[in-house]
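Residue numbers (my numbering), protein chains in the order written: chain A, 1 to 234; chain B, 235 to 468.
Built from N, CA and C at the ideal position, the CB exists for glycine as well.
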DNA sequence: ACGTGGAGTTAGTCATACCTACCATAGTTG
DNA sequence: CAACTATGGTAGGTATGACTAACTCCACGT
């Protein structure tokens, strides 16, 4: 029983599969085995085996060669993991003073080993936050998630203004660069010149012009807003 | 790699065996298989198998039928676990506001899953404490442990005065009762009348006389001190 | 219609950490 | 001294969750 962890007690491996599925299925598509294998860095037969187990548990809809999708129960279980993960990240930054760009890996481990009692204590100490340090919404105890209307930064047209709402926490190096550039949740920016053919774009943050390859901002999600006043001149 | 945890990365099971061995061997004796089995609530063949693995790892001195004992390296590894455990307990009480009597089980899980970076962050936030909430000393980063001269409460003679220094955190119910009685680390007390034949003893705490069976104070460790002044009258 | 390549599965291993059933050694006692 | 008992081991089995090797399925191109 070494792996025993939280109330409903799925193994860490099972929880990781559910999370991967959640992130990959996006707006309700069936996720192919190979994609899960790539995302989890595990060989394909391992995926097949685990999907069968999760199917038997009633957490995932799956048939041989048919792809996989979370069931209602699977989605609920995923929300519990996500809540733990995001509360832990917030906690590590706010209370333990760890760096924004460091906390993802820690949370990746801890999310599987916190009791409900601890999670709620953390939530209480933090004052029931609604977003984690990367800007992702924290699911409620009931598993509901605040819906938002986010688009990838690179999809903005020249002159469009937006607020950074979420950055992908998975890649430490990128996080560090973004942080230097001021590309953090809450930052206001405006898209400058785009050269789609070359994959190069200019972004204005706090009146500083930043040049970057489109690849370099993959994982930054923004919310569109009315363009800056200066752009509306006579 | 699901079980991957902290820097040196022993599995949770291995760390639990080391801890049990540490607690049982006391002042350097060889611990029999059966005792470990009882303490870990695991069958004897599992103990034999694990001792062999730990022996192969160079953490435990063991030969068939010879009992087991931590090596120097095993002891060092144990100190790292103990440090994590006790810092976590302190943290749960001081920062998360969990109850004194609740934290042991949480810490039992978390001690296996905290990175060095997190442990040191916790240590920093707590201001480098030297004792956990149950009064046990917290090993330093180098693995050294403050030595103290503790005796079981029940070993005091009538009239002897002492300070509670440590309570065994493993049994929630006892902890709760001790807490009610004021038998917490730091409490000053004096042994009253003892009836060893009946296993009954009286303890005076804050001038209140508490009657208890000797069994009921197993796990309370005290430091002897000069008897109270009132006892030295003309 | 047919062959090929990639996606997905089956089959069989391995490591960890547990278990039960049974065997061996040794120490105490009639 | 033989028998009984406690202690400690061996053998063999289970569950997870990963792996490689090898097969099947099917869509697509010719």
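| Check | Outcome |
| --- | --- |
| Residue 443/B beta carbon less than 8 Å from that of residue 436/B | yes |
| Nearest-angstrom Cβ-Cβ length linking residue 452/B and residue 438/B, presumed shorter than 8 Å | Rounded, the Cβ-Cβ distance is 19 Å, inconsistent with contact. |
| Three CB pairs or more closer than 8 Å across the region 297 to 317 of chain B and the region 374 to 382 of chain B | yes |
| Classification of residue 106/A by the beta-carbon crowding that lies within 10 angstroms, buried from 16 upward | buried |
| Reference residue 246/B, options 422/B, 315/B, 393/B, closest by Cα | 315/B |
| Contact between the region 98 to 112 of chain A and the region 324 to 336 of chain B (3+ Cβ pairs under 8 Å) | no |
| Any chain B beta carbon closer than 8 Å to residue 229/A | With a pLDDT of 49 at residue 229/A, under the threshold of 50, the modelled position of this residue cannot be trusted; read the value that follows with caution. Not closer than 8 Å to any Cβ of chain B, the Cβ of residue 229/A fails to qualify, so no. |
| Three-state secondary structure (DSSP) of residue 268/B | helix |
| Terminal residues of the alpha helix (DSSP H) in which residue 86/A lies | 72 to 94 |
| CB contact flag (residue 371/B, residue 455/B, <8 Å) | no |
| Within-8 Å CB hit, residue 125/A to chain B | yes |
| Residue environment, residue 112/A, which counts as buried when at least 16 other CB atoms sit within 10 Å | buried |
| Where residue 72/A falls, given that 16 or more other Cβ within 10 Å makes a residue buried | exposed |
| Cβ neighbour criterion (16 or more within 10 Å) applied to residue 139/A | buried |
| CB contact flag (residue 366/B, residue 324/B, <8 Å) | yes |
| Contacting residues, own chain, Cβ-Cβ under 7 Å from residue 468/B (five flanking each side not counted) | Summary for residue 468/B: the model assigns pLDDT 37, below 50, so the residue's position carries little reliability, and this model does not support an answer. |
| Partner residues on chain A for residue 409/B, Cβ-Cβ distance less than 9 Å | Ordered by position in chain A, no residue passes the 9 Å Cβ test against residue 409/B, which lies about 16 Å from the chain. |
| Alpha-carbon to alpha-carbon, residue 116/A and residue 17/A | 21 Å |
| Residues sharing a beta bridge with residue 398/B, DSSP | 456/B |
| Where the beta strand (DSSP E) containing residue 424/B begins and where it ends | 422 to 429 |
| Beta-carbon proximity list for residue 160/A, same chain, < 8 Å, skipping 5 on both sides | 190, 191, 224, 227 |
| Contact set between the region 104 to 129 of chain A and chain B, restricted to residues whose Cβ is under 9 Å from the partner | 105, 106, 109, 110, 112, 113, 114, 115, 117, 118, 121, 122, 124, 125 |
| Presumed contact (8 Å Cβ cut-off) between residue 248/B and residue 288/B, rounded CB distance | 6 Å |
| Beta-carbon separation (whole angstroms), residue 36/A vs residue 61/A, contact threshold 8 Å | Incorrect: roughly 14 Å between the Cβ atoms, too far for contact. |
| Inter-residue spacing [alpha-carbon to alpha-carbon] between residue 52/A and residue 32/A | 14 Å |
| Residue 434/B vs residue 416/B beta-carbon contact at 8 Å | no |
| Per-residue burial, residue 149/A [other beta carbons within 10 Å of its own, 16 or more giving buried] | exposed |
| Counterpart residues of residue 337/B in DSSP-defined beta bridges | BP columns for residue 337/B are empty, so no partner. |
| Beta carbon proximity, residue 157/A to chain B, threshold 8 Å | no |
| Reference residue 194/A, options 156/A, 176/A, 168/A, closest by Cα | 156/A |
| Short CB-CB distance (under 8 Å) between residue 2/A and chain B | For residue 2/A, the predicted model reports a pLDDT of 45, less than 50, meaning its position is unreliable; a value from the coordinates is still stated below. Residue 2/A counts as touching chain B. |
| Identified DSSP bridge partners for residue 442/B | 439/B |
| Other residues of its chain near residue 66/A: CB distance less than 7 Å, five sequence neighbours each side excluded | 30 |
| Run of the alpha helix (DSSP H) containing residue 359/B, from where it starts to where it stops | 350 to 359 |
| Closest residue to residue 412/B among 369/B, 381/B, 450/B (Cα-Cα distance) | 450/B |
| Chain-ordered neighbours of residue 329/B on chain A, where CB pairs are closer than 8 Å | 95, 125 |
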